[in-house]
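Engineer:
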Amino acid sequence: GFVLDALEQALHDRRPAKGRLTCHSDKGSQYVSIRYTERLLKAGIEPSVGSVGDSYDNALAESVIGLFKTEVIRRRGPWRSLEAVEFATLEWVAWFNTGRLLEPIGNIPPAEAEARYYAQRETTALAA
């Protein structure tokens, strides 16, 4: 399904270190399914499911979903097809991760801040 595909894409793109990542989610059936949980464990990711009705466990995700709904779903609808929604989602996520400027990190996109962080770590490691 869609959620398992998204997990596979994230694992492929990010290549997380085993045992150093926790996946926070709500109690949606897709997140507590056996296949999803097994895949998390195989990748060395600790599943963490929030309590029912407690949005504080998932505050960041809820905030991002709210932005997405406001900026894409409501603003650009009505939607004619699932494919149109999927394409708009891909565009928005790409912008959110690579093009959006964030004041707390120097008015640069998150992807640029991450690249700088890893470059600095590599430089520090080489100097040591």
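Take the sequence shown: its position 4, counted from the start at 1, is 4 in the UniProt record's numbering, and no numbers get skipped.
Ideal Cβ positions, reconstructed from N, Cα and C, are used throughout, including at glycine.
(1) What residues in its chain sit with their C-beta under 7 Å from that of Gly99, if we drop five residues either side in the sequence?
(2) Counting C-beta neighbours from all protein chains within 10 Å, is the total for Ile45 16 or more, i.e. buried, or is it exposed?
(3) Could I get the ranges of all uninterrupted alpha helix (DSSP H) runs contained in the UniProt domain "Integrase catalytic" (1-118), with 4 residues as the minimum, in chain order?
(4) Less than 7 Å between the beta carbons of Val72 and Trp92, yes or no?
(5) Measuring alpha carbon to alpha carbon, tell me which residue in Phe87, Cys23, Leu40 is nearest Ser48.
(6) Among Arg35, Leu60, Pro16, Arg15, which has the Cα closest to the Cα of Val3?
(7) Helix, strand or coil: how does DSSP classify Ala128 here?
(8) Are any of the Cβ atoms in chain D nearer than 7 Å to that of Ala61?
(9) Could you pull out every residue in the same chain whose Cβ sits closer than 7 Å to the Cβ of Leu101, ignoring the five residues on either side in sequence?
(10) Give the straight-line distance between the Cα atoms of Gly19 and His12, rounded to the nearest whole angstrom.
Structural biologist: By the coordinates alone:
(1) Indexing the sequence shown from 1 puts residue 99 at position 99. Answer for Gly99: Pro109, listed in chain order.
(2) As a working note, residue 45 is residue 45 in the sequence shown. It is buried - the Cβ of Ile45 has at least 16 other Cβ atoms within 10 Å.
(3) 2-14, 34-42, 59-68, 82-98
(4) Along the sequence shown, one-based indexing puts residue 72 at 72. Along the sequence shown, one-based indexing puts residue 92 at 92. It is a contact, given that the beta carbons lie within the stated cut-off.
(5) As a working note, residue 48 is residue 48 in the sequence shown. Of the candidates Phe87, Cys23, Leu40, the one whose C-alpha sits nearest the C-alpha of Ser48 is Cys23.
(6) As a working note, residue 3 is residue 3 in the sequence shown. Ranking the options by Cα distance to Val3, first place goes to Arg35.
(7) Here residue 128 refers to the residue found at position 128 when the sequence shown is read from its first residue. In this structure, Ala128 counts as coil in the three-state DSSP scheme.
(8) In the displayed structure, chain D is absent; only one protein chain is listed.
(9) Counting from 1 along the sequence shown, the entry for residue 101 is found at position 101. Around Leu101: Asn107, Ile108, Pro109.
(10) If you number the sequence shown from 1, residue 19 lands on position 19. If you number the sequence shown from 1, residue 12 lands on position 12. If I take the Cα positions, the gap works out to 16 Å.
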